[in-house]
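Each remark here refers to the structure printed beneath this line.
In the working numbering, the protein residues as written are 472 to 870.
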């Protein structure tokens, strides 16, 4: 029984090996027949030919806002007819398709005409072409495309960018025309980007530089703002809340100015971090940059007010507060008190004089400093609230 099974297995393995050997022989014979007189430098057609093209994005590699370049990894698939690659499947053991390196056949050289690098042909020589017995050729090409992109940083970090990629068979027009349909973009193999979401991708056929047959793939992408909000915007808002509290610190502590300067320098650091993500010639400038600049200006004014208020607070009590300041404070605070003047025992025993006299409250420099403290903290928070609400309204328009 064991001998019978061993013989049976030997026969099966021998048949499989023989079948594979015969298939290899048939394929080799077919390849020799096709490429015996094949010249890959000659185009397979002489009339105007349209090549259907499909674009398969794989992943967004980078959008460099500073340099204005968009990099994506993608595959471009083309199909054309080559009458020199035709055979009868019945003569070659039913072989209907062949896979060969693209370096063995003719294919159109593709160029990205809005490239951010040198204008050179995209390299397709290392990919596999599929030959069909009817003469059609399928060639999927994987590549890294780096194109220019006009970056609009107005609503950074909640911005939406539109980055086009323009591809053509340069030098072959009008003999060859690439063509894409509205459904020519396939996202089946796309990997999500950690920084960007693709909102849409449109494929169109355009004519540019008197060249027909240019395909334009425009990606509309939206930034994922989560990381920037957590690492930059929230700390900036917290610093805005802390900044006016400098006017609550006692002047005697001697920490007012150091507190205000520390907040100012912290805001300057965050402004530097934001500017590093901006193009040097951004037009229009980001609303966030204007917002941070306004916060910096208010922080500077608060530092100045801290110095002025501390100087007022430490003035000598012997120095009289100017009358015009007293007048303003009288209007703002309405501080008055009433004094009753009784009859003097030494003078007029028969006559009682009761005089109602209003006296101004005696204001000191410390009172003036405390008044400015209250005014400064109220004004600071009001300004910050107005700025924050204005920013929210402006940024909400991006959606």
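All C-beta atoms, glycine included, are put in the ideal place defined by N, C-alpha and C. If you're wondering where the values come from, they're calculated on a predicted model, not measured in any experiment.
- The shortest C-alpha to C-alpha distance from residue 675 to any of 656, 651, 693, 695 is the one to 651.
- With distances taken between CA atoms, residue 853 lies nearest to 714 out of 721, 714, 797.
- The Cβ atoms of residue 738 and residue 770 sit closer than 8 Å to each other.
- Around the beta-carbon of residue 775, fewer than 16 other beta-carbon atoms lie within 10 Å, marking it exposed.
- Secondary structure of residue 835 (DSSP, three-state): coil.
- Distance from the CA atom of residue 542 to the CA atom of residue 744, rounded to whole angstroms, is 23 Å.
- Counting other Cβ atoms within 10 Å of its Cβ, residue 585 reaches 16 or more and is therefore classed as buried.
- Secondary-structure assignment with DSSP links residue 668 through a beta bridge to 693.
- Contact holds between the stretch 639-650 and the stretch 565-582, because three or more Cβ pairs, one in each stretch, are under 8 Å apart.
- Shortest Cα-Cα distance from residue 687 to any of 673, 699, 698 involves 673.
- Using a Cβ-Cβ distance cut-off of 8 Å, the stretch 725-735 and the stretch 850-867 are not in contact, since fewer than three pairs of beta carbons, one from each stretch, lie closer than that value.
- Contact between the stretch 753-762 and the stretch 626-638 is present: 3 or more CB-CB pairs across the two stretches fall below 8 Å.
- As the crow flies, the alpha-carbon of residue 677 is around 25 Å from that of residue 530.
- The DSSP-derived three-state label of residue 792 is coil.
- Between residue 857 and residue 591, the alpha-carbon positions lie close to 53 Å from each other.
- The three-state reading of DSSP puts residue 543 in strand, counting E and B together.
- For residue 706, the enclosing alpha helix (DSSP H) stretches over residues 705-713.
- With a cut-off of 8 Å on Cβ pairs, the stretch 604-620 is in contact with the stretch 545-553, counting three or more such pairs.
- Close CB contacts of residue 660 within its chain, under the 7 Å cut and outside five residues either way in sequence, are with 527, 529 (chain order).
- Under the Cβ criterion (8 Å, minimum of three pairs), the stretch 532-542 does not count as touching the stretch 563-577.
- Assigned with DSSP and collapsed to three states, residue 688 falls in strand.
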